[in-house]
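Below: the structure, in structure tokens.
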Amino acid sequence: MDFLQLASKRILVFGVANRKSVAFQTGKLLEQAGAEVIYVVRSEARKESLAKLLPHAPIYVCDVEYQEQIDHLATQISQKYDVIHGLVHSIAFADYSAGWLPFHETPRTAFLQAVDISCFSLTALSNAFKDLLDPEQGSVVTISISTTRMAAENYGYMAPVKAALDSSICFLAKSFSNFSQVRFNAVCPGLLKTSASAGIPGYVDSYLFAEKATLRKSAVQTSEVADTVAFLLSPRSSGINSQGIVIDAGMGTNYFDNEIVSEEA
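Just so we're aligned: 3 in the numbering used here is position 2 of the sequence shown, and the numbers increase by one with no gaps anywhere.
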């Protein structure tokens, strides 16, 4: 039974880095559900590495920092496909080459670049593909974080960037509603074990703490994030629009967990 009704749906997936990434696991799940997945990565090197993992899949290259590459990609896709039923935006970048600085010392150029790549790219891609997205059942899903109000120092300036992404979801949903029923939503996971997160100083300690803070005492899995993305792409979630779905295993309601409090005491 095709409960999710994703069979034969055509989905663009942006942002695969490796096997551990949300985009990769989402793509594999969509394929298992019978969807046709088109992958987009930021460089030829990423394309070569992904092709080894997914030799059957169509893979395109687009660095979303450059509008001309977005426009070229849209042209390429439109020449081959007549409709896209869904778009997954799993893209984030931050330049910490200046070192790990207090938030008030955030370099302007680094912050603006992070906003451009991690946030504005969603608007740019949505606009570029607006004529290809299925106007009746199209769905766009981005990957945010479980909360942008928790000032985790080692996450640096990316939380404000993700806050801008969350707000963009609402405005894109409203804007597209003027001419279509395309939905825009975000999946907002807690701490995940990915290659990208491994590069954040102190992340392992934060990850282990977050795991203790979940109600089930078990960390959120990337596969659980992929499950939610697939649901939001499917017609089964047709009533959900302009929302951020938090996937944190209850961590956000468990700050005063007895085990954690007793340890600190």
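Positions of the beta carbon are idealized from the N, C-alpha and C atoms, including for glycine. These numbers come from a predicted model, not from an experiment.
Within the same chain, show all residues whose beta-carbon is closer than 6 Å to that of residue i, passing over the 5 residues directly before and after it, in chain order.
i	result
Ser181	Pro136
Pro108	Ala99
Arg184	Ser140, Asn242
Gln138	Pro236
Thr149	Ala160, Lys163, Ala164
Leu30	Ala227, Ala231
Val23	Ser91, Ile144, Thr223, Val226
Glu154	none
Glu37	Arg11
Arg217	Ala250
For residue i versus residue j, is the C-beta distance shorter than 9 Å?
i	j	result
Gly87	Ser147	no
Ala115	Tyr158	yes
Lys194	Lys10	no
Ile39	Ile60	yes
Glu129	Ala75	A small correction: the amino acid at residue 129 is Ala; Glu does not occupy that position in the sequence shown. Result yes, Cβ atoms of Ala129 and Ala75 sit closer than 9 Å.
Ile118	Val42	no
Leu234	Leu7	yes
Ser79	Leu123	no
Ala58	Gly28	yes
Val89	Leu13	yes
Leu54	Phe25	yes
Per DSSP, which residues does residue i bridge with? Please list them.
i	result
His90	Phe15, Thr143
Pro190	Ile248
Glu37	Arg11
Tyr61	Val41
Ile85	Leu134
So, helix, strand or coil for residue i, using DSSP?
i	result
Ile261	helix
Leu51	helix
Leu134	strand
Phe185	strand
Ala99	coil
Tyr67	coil
Ala129	helix
Asp3	coil
Ser219	coil
Phe177	helix
Ser243	coil
Tyr158	coil
Ser169	helix
Ser238	helix
Thr195	coil
Thr149	coil
Lys21	coil
Just to confirm my understanding: we take residue i, look at its own chain, exclude 5 residues before and 5 after, and list those with CB closer than 8 Å. What are they?
i	result
Thr215	Gly191, Val221, Asp249, Ala250, Gly251, Met252, Asn255
Glu45	Val62
Ala187	Val142, Thr143, Ile144, Ser145, Leu166, Asp167, Ile170, Gln244, Gly245, Ile246
Ser219	Glu212, Ala250
Determine the extent of the alpha helix (DSSP H) in which residue i is found, giving its start and end residues.
i	result
Tyr208	204 to 214
Gln114	109 to 116
Asn255	Per DSSP, Asn255 belongs to no alpha helix (DSSP H) and is neither H nor E.
Ordered along the chain, which non-local residues of its own chain (more than five positions away) have a Cβ less than 7 Å from that of residue i?
i	result
Ala174	Arg184, Phe185, Asn242, Ser243
Gln68	Ala125
Cys1	Examination of residue 1 is not possible in this model, given that the chain is present from 2 through 266 alone.
Phe341	Because the chain in this structure spans residues 2 to 266, residue 341 falls outside the shown range and cannot be described.
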